[in-house]
Amino acid sequence: MRLFGACVALSSEDWTIERPCGSGLAVHGRVPWPGMKILISADMEGATGVTWPADVLPGTPQWERCRAMFTSDVNAAALGFYDGGADEVLVNEAHWSMRNLLLERLDDRVQMLTGRHKSLSMVEGIQHGDIDAIAFVGYHTGAGAEGVLAHTYLANSITGVWLNGARASEGLLNAHVVAEYGVPVVLVTGDDLTCVDAEGYAPRARKVAVKDYVSRYAAVCRTPARTAADIRAAAKEATALAVRHTPVEGGPFTVELEFDAEHLAQAATVVPGVVPSGERRVAYTSATMYEGIRTFKAVTTLVSSAVEEQYG
Numbered sequence: 015m016r017l018f019g020a021c022v023a024l025s026s027e028d029w030t031i032e033r034p035c036g037s038g039l040a041v042h043g044r045v046p047w048p049g050m051k052i053l054i055s056a057d058m059e060g061a062t063g064v065t066w067p068a069d070v071l072p073g074t075p076q077w078e079r080c081r082a083m084f085t086s087d088v089n090a091a092a093l094g095f096y097d098g099g100a101d102e103v104l105v106n107e108a109h110w111s112m113r114n115l116l117l118e119r120l121d122d123r124v125q126m127l128t129g130r131h132k133s134l135s136m137v138e139g140i141q142h143g144d145i146d147a148i149a150f151v152g153y154h155t156g157a158g159a160e161g162v163l164a165h166t167y168l169a170n171s172i173t174g175v176w177l178n179g180a181r182a183s184e185g186l187l188n189a190h191v192v193a194e195y196g197v198p199v200v201l202v203t204g205d206d207l208t209c210v211d212a213e214g215y216a217p218r219a220r221k222v223a224v225k226d227y228v229s230r231y232a233a234v235c236r237t238p239a240r241t242a243a244d245i246r247a248a249a250k251e252a253t254a255l256a257v258r259h260t261p262v263e264g265g266p267f268t269v270e271l272e273f274d275a276e277h278l279a280q281a282a283t284v285v286p287g288v289v290p291s292g293e294r295r296v297a298y299t300s301a302t303m304y305e306g307i308r309t310f311k312a313v314t315t316l317v318s319s320a321v322e323e324q325y326g
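In short: position in the sequence shown from 1, add 14, done, that's this note's numbering.
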């Protein structure tokens with residue numbers, strides 16, 4: 015069942031929902047809607063135990079170790095959504111090559127979208143109209159902000175991103191994309207500062223801090239068993255928020271990026287519509303965030319190719 019901003023009062027033996035016009039949502043019982051499908055956007059820097067670049071760089075011994083904890087976080091979220099009554103969970107891999115999760119360790123009911131390239135990148139799958147809610151698992155804060163392994167798409171080449179003048183994390187950018195499809199963000203996991211960041215773009219979402227920030231490369235970490243239990247419990251609660259809303263039309267959107275070197279800004283202006291906006295900065299404006307995130311992806315792909323191994 016798909017309802018967009020409707021005035022409803024539904025009930026069955028297992029659940030009751032009341033949503034008067036103009037009010038918040040009150041949910042009692044097991045599951046908001048029958049046929050619920052949840053999308054999990056899974057990044058790795060915000061996963062349990064991850065604090066160091068080698069933890070997330072494919073091919074390193076530490077990556078092999080940490081991908082198991084990453085998988086544990088994602089599986090815990092999926093189990094929680096099933097506990098709350100979800101019928102389907104689709105996981106979209108969103109880190110690096112997007113081939114990090116251990117499929118064989120996920121619950122058999124889960125489906126996983128893995129590999130590159132995907133038109134909406136971290137929130138691929140949202141555009142098909144069958145997703146009721148999305149979870150951001152393993153997320154992190156944005157470039158220029160405090161947080162464990164903080165960055166926005168490119169680890170060091172991008173030193174800042176702003177959306178309509180506000181500093182933007184990947185979570186903020188992606189939340190604006192999914193809002194255009196009427197899909198709420200219901201769960202965010204990462205370090206404690208990521209949870210604070212999420213209050214700005216998903217205030218009603220359940221948040222789980224799997225570690226506490228000390229520095230960009232250090233954190234006080236909880237054990238995988240503890241974080242799995244916390245994530246599962248939060249995801250179960252989050253199913254009560256999995257109610258689609260009227261698609262948000264909030265454009266235009268102006269995105270500004272700052273790079274660590276001028277030649278990267280010059281490279282970015284090859285993308286149509288991207289113009290210089292200051293020292294080492296470029297900007298562009300899009301009517302929708304669908305267009306905006308696709309342009310962002312084009313910019314980051316092009317800029318990555320302009321980075322030289324030794325000199326950047």
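The beta carbon of each residue, even a glycine, is placed where N, CA and C say it ideally should be.
For this session: For the beta strand (DSSP E) containing W66, list its first residue and its last residue.
Result: No beta strand (DSSP E) holds W66; DSSP gives it neither H nor E.
Exercise. Alpha helix (DSSP H) containing T315: first to last residue?
Worked result: M303 to S319
Problem set entry | Per-residue burial, D211 [other beta carbons within 10 Å of its own, 16 or more giving buried] | buried
For this session: Just the C-alpha distance for H142 and L255, rounded to the nearest angstrom, thanks.
Result: 20 Å
Exercise. Apart from the five residues just before and just after W77, which ones in its own chain have a Cβ nearer than 8 Å to its Cβ?
Worked result: A68, D69, V70, L71 and N114
Problem set entry | Where G38 falls, given that 16 or more other Cβ within 10 Å makes a residue buried | Annotation note: pLDDT 32 at G38 (below 50); position unreliable, coordinate value reported separately. With fewer than 16 Cβ atoms within 10 Å of its Cβ, G38 is classed as exposed.
Exercise. If L93 and D122 are in contact, beta carbons under 8 Å, what's the gap, nearest whole angstrom?
Worked result: The pair is not a contact, with the Cβ atoms about 11 Å apart (cut-off 8 Å).
For this session: Compute the Euclidean distance between the alpha carbons of T283 and S318, then round it to the nearest angstrom.
Result: 13 Å
Exercise. Around the Cβ of C35, are there at least 16 other Cβ atoms within 10 angstroms (buried) or fewer (exposed)?
Worked result: Summary for C35: the model assigns pLDDT 28, below 50, so the residue's position carries little reliability; its value from the coordinates is reported in the next sentence. It is exposed - the Cβ of C35 has fewer than 16 other Cβ atoms within 10 Å.
Problem set entry | Beta-carbon spacing of T241, T62 below 8 Å | yes
For this session: Quick one: measure Cβ to Cβ for Y195 and I245, integer angstroms, because I've assumed they're closer than 8 Å.
Result: With 8 Å as the limit, Y195 and I245 do not qualify as a contact, their Cβ atoms being about 24 Å apart.
Problem set entry | beta strand (DSSP E) runs wholly inside the region 234 to 305, at least 3 long, in chain order | 267 to 273, 289 to 292 and 295 to 300
Exercise. With DSSP run on the structure shown, which of helix, strand or coil describes S229?
Worked result: strand
Exercise. Are there 16 or more other CB atoms within 10 angstroms of the CB of R81, so buried, or fewer, so exposed?
Worked result: buried
For this session: For the alpha helix (DSSP H) holding V210, just list the boundary residues, first then last.
Result: D206 to Y215
For this session: Could you tell me whether the Cβ atoms of H190 and M303 are closer together than 8 Å?
Result: yes
Exercise. In the region 179 to 205, which residue ranges form an unbroken alpha helix (DSSP H) of at least 4 residues, counting only runs that do not cross its ends?
Worked result: 184 to 193
For this session: Just confirm the distance between the C-beta atoms of T299 and F273, as a whole number of angstroms; I'd bet it's less than 8 Å.
Result: Not a contact, Cβ separation roughly 19 Å.
Problem set entry | Residue from I54, G60 and G73 whose Cα sits closest to the Cα of E107 | I54
For this session: Measure the C-alpha to C-alpha separation of V285 and E305 and round it to an integer number of angstroms.
Result: 13 Å
Problem set entry | Cβ-Cβ distance between R294 and A279 below 8 Å | yes
Exercise. Nearest-angstrom Cα distance between S26 and A193?
Worked result: Confidence at S26 is low in this model, with a pLDDT of 30, below 50, so the placement of that residue is unreliable and no value is reported for it.
For this session: Have a look at the DSSP bridge pairing and note the partners of T166.
Result: L168
For this session: Note down the Cα distance separating V313 from E138, rounded to an integer number of angstroms.
Result: 18 Å
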